[in-house]
Amino acid sequence: MDYSPVILKNKGVPCEFVKTQKSGDAWERVYKDDGDIEKVVYHIKFTNNTISDIELHFGGLEAWQQNLEKLPITTVRQTLAFVLRKDVIEIGEAMLDGEVVMYSNIIGTAWSIANGVDPTIASRMLLQSVGLANEQKQNLNEELAKSLGTTDTSPGQNGTDSGPKRASRSKNSGN
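Structure follows, in structure tokens:
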């Protein structure tokens, strides 16, 4: 990803999402022939219109920042919808699973640039936060692998282990 100061200042902070398409009334993820998700890059940049939308929706910037802590996924999704001028449901479908920390870091970087932080400093800050987030994920995977008694931290064929079959429906309410 190009986090150069010129890109950050002019286009915004580049960020990966899953490509989506409308199918009837629903948004769906787009998959490649091999079954992997197709990704797109959008640039996150706060404008006066975006900031105004956030103020009105959350009841002020302080309330928005509190919501980022209290309801991070909901608030990040709504913020990205405002910034990208897309439907909130589409953004929720487009967000990469397990990457809310990355999206929060990108929003924080874009916000700091909108408030006058030098893009060179913001670029360094973003690279550092991306590295820390990746390290945190790796540490979590290693700890989970230890607790499960395995050293393999890679996902299975489809990312999950086989589990028990679903229980059949009860014929009564249990009384």
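In the working numbering, the protein residues as written are 13 to 187. Heads up, the beta-carbon is just placed ideally off N, CA and C, and yes, glycines get one too.
For arginine 89 and tryptophan 39, the gap between their C-alpha atoms comes out near 15 angstroms. Valine 25 carries a strand assignment under DSSP once its states are collapsed to helix, strand and coil. Distance from valine 25 to threonine 121 at the Cβ level is roughly 5 angstroms; contact confirmed, criterion being Cβ atoms closer than 8 angstroms. Counting other Cβ atoms within 10 Å of its Cβ, valine 95 reaches 16 or more and is therefore classed as buried. Taking the C-beta atoms as reference points, lysine 57 is found nearer than 9 angstroms to alanine 126. Taking 9 angstroms as the cut-off, the beta carbon of methionine 114 is found closer than this to the beta carbon of cysteine 27. Here the alpha carbons of glutamate 147 and glutamate 155 stand approximately 12 angstroms from one another. Assignment of tyrosine 15 by DSSP, reduced to helix, strand and coil, places it in the coil class.
For the pair aspartate 45 and aspartate 109, the Cα-to-Cα distance works out to about 20 angstroms. Bounds of any alpha helix (DSSP H) do not take in threonine 59, whose DSSP letter is neither H nor E. By DSSP's assignment, tryptophan 39 forms a beta bridge with Lys34.
Within a 10 Å sphere around the beta-carbon of glutamate 102 sit 16 or more other beta-carbons, which makes this residue buried.
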